[in-house]
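Residue numbers (this note's numbering): 24 to 271.
In structure tokens, the structure reads:
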């Protein structure tokens, strides 16, 4: 088994730009675990956040730590090859959990001749494809013969070390790789069965339309805030959250 870490930049809200007109990126570490038959892609940043949150719980009391890790933006677990011949995507929107099982898909890449670049001291070549609503550029190395990469990007004659979409709203940069000890297995999400079966279309539609106020009411959760902040908070909860799905 191999574990590959991708330093990832993603844009949650495409309408918010800095004074120079550039996107405001959210940064996190995504990890790809590659086994013999299954690979698993997830946010290591979000996993660290959840572990820290669990440690901070003391009975019903929450210990607030100023050094808490960032939450991350790509709250996903993606299994390629599980179940056999298929893929499984676990996604979450405001506490609602979705499980999407689909046939395995592979992008149709065009490898760009005479394109070369050194990444992490590996000789890489460029490839491009249109996939899931975005145009992707990837740099892969045949020195690492794994036909894998970040998210659903795969099918090249070597591991993808860098990938980004044409608008550069999602950027994946490999920053490290290690080989697991013999007998070390891929770690599955312990809450796997708590995710409700769905489709990618239903999931993306929910992302775009979900209103926090409605979801909290459905879950029986009441928000209490100081009176002077109430109007501002309730206004924010009454509208859909910014959404820029990786898969369009």
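Heads up, the beta-carbon is just placed ideally off N, CA and C, and yes, glycines get one too.
Note that the structure is a prediction, hence the values are computed from the model and not measured.
- Under the DSSP definition of a beta bridge, residue 64 partners with 55, 101.
- Listed in chain order, the non-local C-beta contacts of residue 60 below 6 Å within the same chain comprise 104, local neighbours out to five positions each way being set aside.
- Straight-line measurement puts the Cα of residue 36 at about 12 Å from the Cα of residue 45.
- With fewer than three CB-CB distances shorter than 8 Å, the segment 215 to 229 does not count as touching the segment 60 to 70.
- By the criterion of a C-beta distance shorter than 7 Å, residue 131 is surrounded in its chain by 152, once the five residues flanking it on both sides are discounted.
- By the neighbour-count criterion, in which 16 or more other beta carbons inside 10 Å mark a residue as buried, residue 100 falls on the buried side.
- For the pair residue 167 and residue 71, the Cα-to-Cα distance works out to about 28 Å.
- Here residue 123 is actually not in contact with residue 184; their C-beta atoms are around 27 Å apart, not less than 8 Å.
- With a minimum length of 3 residues, the unbroken runs of beta strand (DSSP E) contained wholly in the segment 131 to 171 fall at 140 to 142, 145 to 154, 157 to 164.
- Note on residue 205: under 16 other CB atoms within 10 angstroms of its CB, so exposed under the neighbour-count rule.
- Across the structure, residue 164 and residue 126 are spaced so that their CA atoms are roughly 26 Å apart.
- Straight through space, the alpha carbons of residue 175 and residue 108 are spaced by roughly 14 Å.
- In the structure shown, residue 34 falls within a coil segment according to DSSP collapsed to helix, strand and coil.
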